[in-house]
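Notes for the one structure printed next.
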Amino acid sequence: MTKKEKEKRQLKYNAPKGIHDILPPDIYLWQKIEKISKNLFEKYGYQEIRTPIIEHTDIFIRSIGEETDIVEKEMYTFLDRAGRSLTLRPEGTASVVRSFVEHNLNTLPTPQKFYYVGPMFRYERPQKGRFRQFYQIGVEAFGEKGPLIDAEVIAMLVNFLNLIGCENVNIELNSIGCETCRPLFKKELINFFSNKLSNLCTDCQRRHKTNPLRILDCKVDGCIENRQGAPMISRYLCENCTVHFEELKNLLNNLNIPYTLNPELVRGLDYYTKTTFEATSNQLGAQKAVAAGGRYDKLVEEFGGPPTSAIGFAIGLERIITLTKEKLTIQYPDPLFFIATIGKEAEMKGLILAENLRQKGYYVEIHYGNASLKSQLRKADRINAKVVLIIGDEELKSGKIKWKNLYTKEQGDVDINAVVSIVS
RNA sequence: GUGGGCGUAGUUCAAUGGUUAGAGCACUGGACUGUGGCUCCAGUUGUUGGGGGUUCGAAUCCCCUCGCCCACCCCA
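Set out below in structure tokens:
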């Protein structure tokens, strides 16, 4: 092998770490799930919104929070040629809120409800259910502050999970308070842990200063032990938040939607207020959340818009796929016709016939180039074609072509202009 | 960022440190001159992830590196 050939071989590229191709036949599963979600969400009045994949870095820092892991170490951030700091979106809500404010969508009748599908990017170490480019289906509803829409949004998520056959998915529910009650709770938490600091992991010692709520979510044994008896947010919720949460639980009960209260459910994004929820599965390994969301009543204001309550959730598509891969049956598009030809003139006739049939709406495959009739039929069989149309010398002379139904083995002759009659 | 496991043909996997690294599937062709699936036959496919070392001899042992997977962390 020459040096040049050697170098050429080494140019075999692969996708960047944690970033994957989605190929057939898997893509049919993706399309099916996207279609199901779209159909369902539209029944609830959600409309598709497409926001850019790249945004100004600031909007993620402002919304997700400066002290979160996502912003601190997981964003794909770069300078454009004019020196602006841009970031590949690590989540979808920030963009939708930015768009909502930028286009004054608050002037439209409330509530405004949107859904989106697309890739998100986080620079993390890949593992089961966690990727650097991953896909989310998300929804966001703006302009309703009452618990009715919280219940409706959760119901919509549950319906979606049922429709795609996700079993054993548990809805975990919590309220993390609002700007009235959370500061008090934070203060109590800091007090509670201040004489236990040496027993906490180093991360939690840091969190004690930066974001004490996260200590409640830590998985280190020592931290789990030491948070026994820690203050619960439920006891510190203000009147407003308490009523909201109680009403939501009551609504869910009346909708017969099962849920588990998880007072330790703390979301990793700082913008959440009041209601937070997560759909988790025990069949996913360590990354068990298939969907998560909550209310974010201050974020629109944070982005310079008018006070606007909002709520939303995002579904992790790869995780959904691993849960439904064995269960959802997908229909491959099988060709109705396969055109086998013998000889140059037949090839041309075959191509023309294929075009005519396709214009009538049929899925037609042809054989490209010369091969024995045997191998052409073998190929038709392999790709699951239903009817083979054979064009050779005999057929060119008579103007009739031979057809064979590979499913029933029936065969016969038909006028080249009446092929459709075989299948009608 | 930290740990653990694994890298052999397109794919699934074999090969005690010892001939020329094999097999199933897949692909192509033939048996069957213009009729698929089943069967049989033949053919194609490899810097054993890469680099270095030990050895008479390395896919196998050692070191480095890259990649994948899993877990921690974090999250969807």
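Take 1 as the starting number for the first sequence in the working numbering and just add one per residue.
From the three backbone atoms N, C-alpha and C, an ideal C-beta is built for every residue, glycine too.
Just the C-alpha distance for residue i and residue j, rounded to the nearest angstrom, thanks.
| i | j | result |
| --- | --- | --- |
| residue 150 | residue 53 | 27 Å |
| residue 230 | residue 206 | 18 Å |
| residue 425 | residue 383 | Nothing about residue 425 can be read from this structure; the chain reaches only from 1 to 424. |
| residue 180 | residue 192 | 20 Å |
| residue 251 | residue 148 | 7 Å |
| residue 414 | residue 423 | 12 Å |
| residue 200 | residue 40 | 45 Å |
| residue 272 | residue 76 | 23 Å |
| residue 425 | residue 265 | This structure gives no information on residue 425, because the portion of the chain shown stretches from 1 to 424. |
| residue 349 | residue 390 | 11 Å |
| residue 67 | residue 211 | 8 Å |
| residue 410 | residue 404 | 6 Å |
| residue 26 | residue 314 | 21 Å |
| residue 188 | residue 176 | 14 Å |
| residue 285 | residue 129 | 8 Å |
| residue 80 | residue 421 | 60 Å |
| residue 408 | residue 417 | 23 Å |
| residue 13 | residue 42 | 41 Å |
| residue 357 | residue 297 | 56 Å |
| residue 352 | residue 359 | 11 Å |
| residue 331 | residue 29 | 9 Å |
| residue 23 | residue 379 | 21 Å |
| residue 224 | residue 208 | 14 Å |
Which of helix, strand or coil does DSSP assign to residue i?
| i | result |
| --- | --- |
| residue 232 | coil |
| residue 85 | strand |
| residue 175 | strand |
| residue 20 | coil |
| residue 295 | strand |
| residue 135 | strand |
| residue 368 | coil |
| residue 141 | strand |
| residue 56 | strand |
| residue 186 | helix |
| residue 195 | coil |
| residue 423 | coil |
| residue 123 | coil |
| residue 38 | helix |
| residue 4 | Unreliable placement is indicated for residue 4, whose pLDDT of 42 sits below 50; the coordinate value is still reported in the next sentence. In the structure shown, residue 4 sits in a helix (DSSP, three-state: H, G or I). |
| residue 283 | coil |
| residue 266 | coil |
| residue 14 | coil |
| residue 130 | strand |
| residue 288 | coil |
| residue 170 | strand |
| residue 396 | helix |
| residue 222 | helix |
Only counting the same chain, and skipping five residues up and downstream in sequence, which positions put a Cβ closer than 6 Å to that of residue i?
| i | result |
| --- | --- |
| residue 4 | Model confidence at residue 4 stands at a pLDDT of 42, short of 50, so the residue's coordinates are unreliable; what they give is reported in the following sentence. Nothing meets the Cβ criterion. |
| residue 110 | 143 |
| residue 65 | 270 |
| residue 116 | 49, 92 and 138 |
| residue 19 | 132 and 133 |
| residue 59 | 94 and 98 |
In its own chain, which residues sit with a C-beta less than 8 Å from the C-beta of residue i, not counting the 5 before and 5 after it?
| i | result |
| --- | --- |
| residue 55 | 86, 87, 89, 94, 95 and 98 |
| residue 363 | 333, 334, 335, 336 and 337 |
| residue 260 | 170, 171, 172 and 173 |
| residue 106 | 100, 112, 142, 143, 300, 305, 306 and 308 |
| residue 399 | 415 and 416 |
| residue 184 | 236 |
Looking only at its own chain, which residues have a Cβ that is under 7 Å from the Cβ of residue i, when we skip the five neighbours before and after it?
| i | result |
| --- | --- |
| residue 17 | 126 and 132 |
| residue 104 | none |
| residue 347 | 341 |
| residue 256 | none |
Exposed or buried, residue i, counting other C-beta atoms within 10 Å across all chains shown (16 or more means buried)?
| i | result |
| --- | --- |
| residue 157 | buried |
| residue 306 | exposed |
| residue 253 | exposed |
| residue 92 | buried |
| residue 412 | exposed |
| residue 243 | exposed |
| residue 280 | buried |
| residue 276 | buried |
| residue 62 | buried |
| residue 195 | exposed |
| residue 317 | buried |
| residue 274 | buried |
| residue 33 | buried |
Tell me whether residue i counts as near the ligand FAD, meaning its Cβ is closer than 6 Å to at least one heavy atom of that ligand.
| i | result |
| --- | --- |
| residue 117 | Among the components modelled here there is no ligand, and therefore nothing to report on the ligand FAD. |
**OP:** Enumerate, from N- to C-terminal direction, the unbroken beta strand (DSSP E) stretches of 3 or more residues contained entirely within the region 290-370.
**Re:** 310-316, 337-341 and 364-366
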